[in-house]
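Each residue of the sequence shown is one higher than the one before, counting from 158 in my numbering.
Even for Gly, the Cβ is constructed at its ideal location relative to N, Cα and C.
Quick notes on the structure that follows.
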Amino acid sequence: MPINTIGSTPIPKEYQPDILFLEDGVSEYPLVQEILSRLPGVPRQTFQDISLLTEQMKSSQYDVFGEGKKHLALCRFKGSFLKKCPGISPGMVCCNYYIVNLSKNCIYDCSYCFLQDFLGNNPMQVAYVNVEDLLGELEEVFTQYPDRNFRVGTGELTDSLALDTIVPYTATLLPFFNRQSNAVLELKTKSDQIANLLNHPDPTNIIVSWSLNPQTIIDQEEKGTPGLAQRLESARACLDKGYRIGFHFDPIILIPGWEEAYRELVNILCDTLPIDKVAWVSLGSFRYRPSLKLIIKNRHPETRLFTSEHLPSKDGKFRYLRPLRNQAYETIRGYLMSRSQELNIYLCMETREIWEGVTGKTPRSDKKLDQFFDL
Ligand code: SF4
């Protein structure tokens, strides 16, 4: 079945779902009470089985994934929350990262987003409400391995903060991570929804990181997201509040004139914030599984993602050719280092050859990076 373009599905800046689906029994959770109080006028519908609900909704929609962003389902997660980062895929160098999936899908609509493929025809945004179970699981694992340092992120299948004013996970996660001696929480975002962070008194063990791109790429490829200036303003406010902050230049997209666009991005970043206080910047180039390409072309016909050639890497994902990736990393790293020699810069989801070509070392042979990863 053809996939409709997203043009008819604008994602509102101040997001509010069209409908709220509630799994039977979840109303007793404090988080659900909180969410309901923040969405007083939104129609509600209960359900028993999320698989059945998913099937019913799929059959009645056209751009299932795009329309799904307007539906918010609240339910319990029944598996194990904590997972190792999939960066350990074949041929890729892993940066020692763990993932917690509290939520699936995202209110934004970036053209390159792998969720369009990964979540397939998922007709809703799902928020898991049994946060107490997550905390129990984390406590057990952190206690069981006291010598291991855990770096935990919530932004794999969603944006960590985009929904935080409606589904305030941070209200529970921040105090929990504040107490840990061997774990940090990384909130990865493109959003400016930082009110809960600014209201929280303790920034200990919390890193907030923003994905950045030149504004011209944000305009074309990151629909519904706050602009570069808003992201940097939020980052600055969090830094002032004492949070550690980082940035992801990811995905780097090599549009014609990319050198100038990324030079300007680095200059804006370094002119807005004291770059020496930034914990790190990671670099990652646009990559995709073959199945995602057709979806992107159908949902985002105006995209500039495919203006260069891409070839498959060892992990099956398509990437820019290796010399071009090398050139991009070296160039952007050079811009950053010209503003700060001390800045920690690392490569995300890249091969050993690229790490060695660009930085002269792999992560585990770099003392500065080791210090960062072994927080
Ligand atoms: S912000 Fe992240 S999760 Fe959300 S649409 Fe963009 S790439 Fe996907």
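For this session: Might you give, ordered along the chain, the residues of its own chain that have their beta carbon closer than 6 angstroms to the beta carbon of Ser-497, omitting 5 neighbours on each side?
Result: As a position in the sequence shown, residue 497 is number 340, starting the count at 1. If we look at Ser-497 and ignore the five residues flanking it on each side, its Cβ neighbours are Ile-432, Asp-433.
Check: Under three-state DSSP, which class holds Glu-499?
Finding: For this step, residue 499 is matched to residue 342 along the sequence shown. Reduced to three states, the DSSP call for Glu-499 is coil.
Please return the same chain residues whose Cβ sits closer than 6 angstroms to the Cβ of Ser-470, not counting the five positions on each side in sequence. Sequence index remark: in the sequence shown, residue 470 carries index 313 (1-based). Non-local beta-carbon contacts of Ser-470 in its own chain, meaning distances under 6 angstroms to residues more than five positions away in sequence, involve Arg-476 in chain order.
Restricting to runs no shorter than 3 residues, where is the beta strand (DSSP E) found entirely within the stretch 167-215? 176-180, 201-204
**Prompt:** Between Leu-318 and Gln-350, which are expected to be in contact by the criterion C-beta below 8 angstroms, what is the C-beta distance as a whole number of angstroms?
**Reply:** Position 161 of the sequence shown, counted from the first residue, corresponds to residue 318. Position 193 of the sequence shown, counted from the first residue, corresponds to residue 350. Contact holds; Cβ gap of about 5 angstroms.
According to DSSP, simplified to helix, strand and coil, what is Glu-487?
Along the sequence shown, read from residue 1 onward, the residue named residue 487 stands at position 330. Helix, per DSSP.
Discussion item. Check whether chain C comes within 8 angstroms of Val-257, counting only Cβ atoms and requiring the distance to be less than that.
Written reply: Included in the structure is just one protein chain, with no chain C present.
- Message: List, from N- to C-terminal side, the alpha helix (DSSP H) runs of 4 residues or more that fit wholly inside the stretch 301-386.
- Response: 327-335, 352-356, 372-378
> So, are the CB atoms of Tyr-285 and Leu-320 less than 8 angstroms apart?
Replying inline: The residue you call residue 285 lines up with position 128 of the sequence shown. The residue you call residue 320 lines up with position 163 of the sequence shown. In this structure, Leu-320 does not lie closer than 8 angstroms to Tyr-285 by Cβ.
| In this structure, does DSSP put Ser-391 in helix, strand or coil? | As a working note, residue 391 is residue 234 in the sequence shown. Helix, per DSSP.
Please state the DSSP three-state secondary structure of Cys-505.
In the sequence shown, residue 505 corresponds to position 348, counting from 1. Residue state, collapsed to three classes: coil.
Q) Among residues of its own chain, excluding the 5 on either side of Arg-195, which ones have a beta-carbon nearer than 6 angstroms to its beta-carbon? A) Within the sequence shown, residue 195 is the residue found at index 38, counting from 1. Within the same chain, Arg-195 has close Cβ partners Ile-323.
- Query: Does the distance from the C-beta atom of Gln-282 to that of Lys-226 stay below 8 angstroms?
  - Reply: To locate residue 282, count along the sequence shown from 1; it is residue 125. To locate residue 226, count along the sequence shown from 1; it is residue 69. Yes, Cβ-Cβ distance for Gln-282 and Lys-226 is below 8 angstroms.
Does the Cβ-Cβ distance between Thr-382 and Ile-375 come in under 8 angstroms? If you number the sequence shown from 1, residue 382 lands on position 225. If you number the sequence shown from 1, residue 375 lands on position 218. For Thr-382 and Ile-375, yes; Cβs fall inside 8 angstroms.
* **Straight-line gap, Arg-393 to Tyr-503 (C-alpha atoms, nearest Å)** => As a position in the sequence shown, residue 393 is number 236, starting the count at 1. As a position in the sequence shown, residue 503 is number 346, starting the count at 1. Approximately 21 angstroms, taken between the alpha carbons.
Buried or exposed: Glu-171, going by 16 or more other Cβ atoms within 10 Å of its Cβ? The residue you call residue 171 lines up with position 14 of the sequence shown. Exposed: under 16 other Cβ atoms inside 10 Å.
Quiz prompt | Where Phe-271 falls: helix, strand or coil (DSSP) | solution = Position 114 of the sequence shown, counting from 1, holds the residue named residue 271. Coil.
ask   = Which stretch, first to last residue, makes up the alpha helix (DSSP H) that contains Arg-456?
value = Here residue 456 refers to the residue found at position 299 of the sequence shown. Per DSSP, Arg-456 belongs to the alpha helix (DSSP H) from 447-456.
C-alpha distance - Asn-161 paired with Thr-300, whole-angstrom precision = If you number the sequence shown from 1, residue 161 lands on position 4. If you number the sequence shown from 1, residue 300 lands on position 143. Only weak support exists for where Asn-161 lies, its pLDDT of 35 falling under 50; the value from the coordinates is given anyway. For Asn-161 and Thr-300, the distance between alpha carbons rounds to 48 angstroms.
Going by C-alpha distance, which of Leu-177, Lys-215, Phe-222 is nearest Gln-202? On the sequence shown, position 45 is the one that residue 202 refers to. Looking at the Cα atoms, Leu-177 is the closest of the given residues.
Rounded to whole angstroms, how far is the Cβ of Phe-334 from the Cβ of Ala-340, which I believe are closer than 8 angstroms?
-> Position 177 of the sequence shown holds residue 334. Position 183 of the sequence shown holds residue 340. So it is a contact: roughly 6 angstroms between Cβ atoms.
Exercise. How many Å lie between Glu-297 and Asp-290 at the Cα?
Worked result: What you label residue 297 is simply residue 140 of the sequence shown in a count that begins at 1. What you label residue 290 is simply residue 133 of the sequence shown in a count that begins at 1. If you take the alpha carbons of Glu-297 and Asp-290, they lie about 11 angstroms apart.
Please state whether DSSP places Ile-256 in a helix, a strand or coil.
Looking up residue 256 in the sequence shown gives position 99. In the structure shown, Ile-256 falls within a strand segment according to DSSP collapsed to helix, strand and coil.
Q.
The alpha helix (DSSP H) that contains Ala-436, what's its start and end?
A. Within the sequence shown, the letter at position 279 stands for residue 436. Taken as a continuous stretch (DSSP letters only), Ala-436 belongs to no alpha helix (DSSP H), as it is neither H nor E.
- Assigned exposure category for Lys-241 - 16 Cβ within 10 Å defines buried: Position 84 of the sequence shown, counted from the first residue, corresponds to residue 241. Of the other Cβ atoms in all chains shown, fewer than 16 fall within 10 Å of the Cβ of Lys-241; this residue is therefore exposed.
For this session: Report whether the distance from the Cβ of Lys-347 to the nearest heavy atom of ligand 1 is below 7 angstroms.
Result: Numbered from 1 along the sequence shown, position 190 holds the residue referred to as residue 347. Indeed, a heavy atom of ligand 1 lies less than 7 angstroms from the Cβ.
I believe Arg-482 touches Ser-442 by the beta-carbon criterion, under 8 angstroms. Please report the beta-carbon distance rounded to the nearest angstrom. Position 325 of the sequence shown, counted from the start, is the residue given in the question as residue 482. Position 285 of the sequence shown, counted from the start, is the residue given in the question as residue 442. Sure, about 5 angstroms apart at Cβ, within 8 angstroms.
_Using 8 angstroms as the threshold, is the C-beta distance between Arg-308 and Tyr-254 below it?_
Residue mapping note: residue 308 aligns to position 151 of the sequence shown, counting from 1. Residue mapping note: residue 254 aligns to position 97 of the sequence shown, counting from 1. Between Arg-308 and Tyr-254, the C-beta spacing is below 8 angstroms.
Is the beta carbon of Lys-380 less than 8 angstroms from the beta carbon of Tyr-219?
The residue you call residue 380 lines up with position 223 of the sequence shown. The residue you call residue 219 lines up with position 62 of the sequence shown. It is not a contact, given that the beta carbons lie outside the stated cut-off.
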